Amino acid sequence: MSTVSLNGLSHVYENTVSPSVHPFNLFIDDGEFLVLYGPSGSGKSTILRMLHGLEAPKSGTILIDGVDVTHAAVNDRDVTLALESYALYPHMSVRDNLGFALRVDGLPAEEIAARVESVAATIGLRDLLDAVPGDLSPLQRQTIALARAVVRQPKVLIMDEPVVNLVPEHQADTIRLIKDLQQDFGLTTLYATSNLEDAKVLGDRIAFLDRGRLIGVEKPEVAEALVASAADPEV
Amino acid sequence: MAGSPPAPAAPPTETGPLIHAIDPTDQAALAGLPWELPLEDWPADIIGGIPRGISRHIVRFIENGAEVLAIKETEDRQALREFDILGVLENLDVPSVEPRAYITGRRTPDGESLPGALVTSHLDFSLPYRALFSRSLAEDTAGRLVDALAVLLARLHLVGFYWGDVSLSNTLFRRDADAYAAYVVDAETGELHDRLSDGQREMDLRIARTNIAGDFLDLQAAGLIEASVDPLAAGDRLYEAYNGLWAELTRVEEFSVNERWRIDERIRRLNDLGFDLGELTVTTDLDGVSLLVEPKVVEPNHHSRRLLRLTGIGANENQARAMLNDLDSYRTAPGFTGGAHGSGEHPAELSEEEAARIWLDEVYKPLFGAIPESLMNKLEPGQIFYEFAEHRRVMAHARQRDIPLREAIAYFIMDDLAKLPDESRYVQPPPR
Chain V
47 MSTVSLNGLS
57 HVYENTVSPS
67 VHPFNLFIDD
77 GEFLVLYGPS
87 GSGKSTILRM
97 LHGLEAPKSG
107 TILIDGVDVT
117 HAAVNDRDVT
127 LALESYALYP
137 HMSVRDNLGF
147 ALRVDGLPAE
157 EIAARVESVA
167 ATIGLRDLLD
177 AVPGDLSPLQ
187 RQTIALARAV
197 VRQPKVLIMD
207 EPVVNLVPEH
217 QADTIRLIKD
227 LQQDFGLTTL
237 YATSNLEDAK
247 VLGDRIAFLD
257 RGRLIGVEKP
267 EVAEALVASA
277 ADPEV
Chain E
5 MAGSPPAPAA
15 PPTETGPLIH
25 AIDPTDQAAL
35 AGLPWELPLE
45 DWPADIIGGI
55 PRGISRHIVR
65 FIENGAEVLA
75 IKETEDRQAL
85 REFDILGVLE
95 NLDVPSVEPR
105 AYITGRRTPD
115 GESLPGALVT
125 SHLDFSLPYR
135 ALFSRSLAED
145 TAGRLVDALA
155 VLLARLHLVG
165 FYWGDVSLSN
175 TLFRRDADAY
185 AAYVVDAETG
195 ELHDRLSDGQ
205 REMDLRIART
215 NIAGDFLDLQ
225 AAGLIEASVD
235 PLAAGDRLYE
245 AYNGLWAELT
255 RVEEFSVNER
265 WRIDERIRRL
275 NDLGFDLGEL
285 TVTTDLDGVS
295 LLVEPKVVEP
305 NHHSRRLLRL
315 TGIGANENQA
325 RAMLNDLDSY
335 RTAPGFTGGA
345 HGSGEHPAEL
355 SEEEAARIWL
365 DEVYKPLFGA
375 IPESLMNKLE
385 PGQIFYEFAE
395 HRRVMAHARQ
405 RDIPLREAIA
415 YFIMDDLAKL
425 PDESRYVQPP
435 PR
């Protein structure tokens, strides 16, 4: 669990003049679920990509637990993008799927086994550890896919519109699943979405973005009011 | 029709799909398929095969006249996105499958929505990584596949393409002399940028390392490689091969002004790696003591282009390199007089164009003229030539004498080519 501090952070894409993200400050507390909310082109994905190390900021700093990682390599940040892919390895058991990234990261077998057991117990899927993905329901497969990121115990978990390509009947289930898992593990999480209802369900706070500018950070209870005031300058 | 916009979609019927095809004849052929059924339920009589290996989507092959098309089920907007990306990759001359159409608005007869679909050409003579392990006992198949993937990844990164899901499963391979050439087959997670950041390149490598380890565990589960093989070693080799290549392609070097010969050396090293230098920036420092040399444009297929220019033959890079070696040795062989290789009495030096013309007439054409049509689907022509040259070399070594061309051709066809499996369309037969 960790804090994230984005200080004067901005971004300009190559061969463009106008910033894709204007300088802003944002602090995300230890274990907080912060939603970046805004329409397409608002800069929410670019902020996640800067935090992940995929885009270099034009200005500003990124601190994780007070350590400056602004120019650190992707592998040295301990930031994990969850639900990059829902695909599980069909030939591996749930246990091996969950532990796979840890194995690639070179963790000892005992630690991998302990972490997998712990995560499976928390999410209530211990009975399924020896099953293969083909035996699971779609929601169970998504649970495993999400747990794969959690088991790495990253300092920061990020998600970029992870439900947008799911069929509608799975979207609500997945949103609930994400919320439950984040609360169970208390991971500091940043989540990008253009769906206000999802943002209200998920976020401890919602950061509102519009055309690359951070226009406010609010609790979900007052989100509607902020959206209304942004839409109507007279309000 | 690289990058051509699709023709207007066929008009929707009450439950019918929208078929967006580049070629109107594809439009008509695709319209006859049962889009109202999930791909998994398509009747066996129209399925030409199913893919092998790990796939997150349902994929089926169908025969369309003389060719094979691959159909992948995916969400509507993903199908359009990948169609566009593959079109751009094709325009950028990156090895990838050719997009042919995408299908949206699919519904069952009951009106229930179905995922969209992406249609691509099947890449003839391509093999999925699993097939190479199941049919090849060649030493270091794994290493050579990973090296091919490293070259592909470097080429993608040079044009600003972030793949986002690099894996052996998302790649097809063609034999390329004693190596492989890799092709992008699944680009749905890809992004095109003006230039990639170091973070994006690093992320692609990180994803590749994990995915390749998964691919190797898949091979172990299928019993295609020994359980003792370390699945992580291949990912590490990719890092090494990619980083070495990337450094050579992009590194800025500092030379003393009287070391200009080192620029020629750099160009030669790039050529050896199969790249041409399109543009080079040379900057002299303020004191005029040193030069900063930076490759600005590097282009792949150095040997393929030279072979094409000299002979009109299209071949993969390493196949072309092998043919050019044969051609060059033919040109400079002592005793060459324009007759059969090595049979003349007076040394002669030919221009490369002249040597190429004679090599075509006296080596290449006799070989392919002797191969029965029924065996031409065994391998790509460039690979057939490479295998023939290897066969002739091994024969000569075993018999401790030069093997005349026609004798070598006869033994090659009989002992080697005829016994190979047909690799023009390697797909798994559908379950009946």
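Protein chains in written order, with the working numbering: chain V, 47 to 281; chain E, 5 to 436.
Ideal placement from N, C-alpha and C gives every residue a C-beta, glycine not left out.
Treat the numbers as computed from the prediction; the structure is a model and nothing was measured.
What is the residue span of the alpha helix (DSSP H) that Lys300/E lies within? Per DSSP, Lys300/E belongs to no alpha helix (DSSP H); it is in the beta strand (DSSP E), Ser294 to Pro304.
Measure the C-alpha to C-alpha separation of Val367/E and Arg309/E and round it to an integer number of angstroms. 20 Å
Could you check which residue in Leu371/E, Leu160/E, Val150/E and Phe87/E has the C-alpha nearest to that of Phe416/E? Leu371/E
Report, in whole angstroms, the separation of the C-beta atoms of Leu156/E and Ala186/E, which I expect to be a contact under 8 Å. 4 Å
Looking only at C-alpha atoms, which of Ala412/E, Leu172/E and Asp208/E sits nearest to Ala146/E? Leu172/E
For a contact meaning CB atoms closer than 7 Å, what does Thr214/E contact in chain V? Ala147 and Val150
Cβ neighbours of Lys300/E in the same chain (closer than 7 Å, five flanking residues each side left out): Glu283, Leu284 and Thr285
Ends of the beta strand (DSSP E) at Asn53/V? Val50 to His57
Give a yes or no on whether the C-beta atoms belonging to Asp125/V and Pro69/V are separated by under 8 Å. According to the sequence provided, residue 125/V is Val. The question's Asp does not apply to it. No; because the gap between Cβ atoms is not below 8 Å, this pair is not in contact.
Please identify, using Cβ separations under 8 Å, the residues of the stretch 178-210 of chain E that lie next to chain V, in order along the chain. Thr193, His197, Asp198, Arg199, Ser201, Asp202, Gly203, Gln204, Glu206, Met207 and Arg210
Within 10 Å of its beta-carbon, does Val101/E have 16 or more other beta-carbons around it, so buried, or fewer, so exposed? buried
Whole alpha helix (DSSP H) elements within the stretch 162-207 of chain V, 4-residue minimum: 184-196
Min CB distance Met205/V to chain E below 8 Å: no
Between the Cα of Leu41/E and those of Phe87/E, Pro119/E and Gly69/E, spot the shortest distance and give me the residue it belongs to. Pro119/E
Do Ala238/V and Leu82/V count as a contact pair if the criterion is CB distance below 8 Å? yes
Which chain V residues are close to Gly109/E, counting only those with a beta carbon under 8 Å from its beta carbon? By Cβ distance, chain V contributes nothing, its closest Cβ being about 15 Å from Gly109/E, past 8 Å.
Going by the CB atoms, is the gap between Gly262/V and Gly77/V shorter than 8 Å? no
If the cut is a Cβ gap below 8 Å, which residues of chain E does Val120/V touch? Gly203, Glu206, Met207 and Arg210
Below 9 Å on C-beta distance, what does Asp222/E contact in chain V? Tyr135, Pro136, His137 and Met138
Using the C-alpha atoms, what's the distance from Ile169/V back to Asp230/V? 8 Å
Proximal chain V residues relative to Ala217/E, where beta-carbon distance stays under 7 Å: Val150
With a threshold of 8 Å between beta carbons, is Ala48/E in contact with chain V? no
Against chain E, does Glu101/V count as a neighbour if the rule is that its beta carbon must be under 8 Å from one of theirs? yes
Contact set between Leu311/E and chain V, taken where Cβ atoms lie within less than 8 Å: Within chain V, no residue comes near Leu311/E; the closest Cβ sits about 36 Å away, beyond 8 Å.
Rounded to whole angstroms, what is the Cα-Cα separation between Gly69/E and Ala25/E? 16 Å
Residue range of the beta strand (DSSP E) that includes Asn68/E: Val63 to Asn68
Comparing C-alpha positions only, which one of Asp151/V, Asp75/V and Leu185/V sits nearest to Arg222/V? Leu185/V
By the 9 Å beta-carbon criterion, what residues does the stretch 227-244 of chain E contribute toward chain V? Pro235, Leu236 and Gly239
Going by beta-carbon coordinates alone, are Asp208/E and Trp250/E separated by less than 8 Å? no
Say whether chain V places a C-beta atom closer than 8 Å to the C-beta of Ala225/E. yes
Taking the C-alpha atoms as reference points, what is the distance between His117/V and Thr92/V? 15 Å
I want to see whether chain E comes within less than 8 Å of Asn61/V, judged by CB atoms only; does it? yes
Are the stretch 102-117 of chain V and the stretch 48-55 of chain V touching by the rule of at least three beta carbon pairs closer than 8 Å? yes
Quick one: measure Cβ to Cβ for Arg210/E and Gly164/E, integer angstroms, because I've assumed they're closer than 8 Å. Actually they are not in contact, since the Cβ atoms of Arg210/E and Gly164/E sit about 19 Å apart, beyond 8 Å.
If we ignore side chains and look at the alpha-carbon of each, how far apart do Ala158/E and Ala191/E end up? 15 Å
Exposed or buried, which one is Lys382/E when buried takes at least 16 other CB atoms within 10 Å? buried
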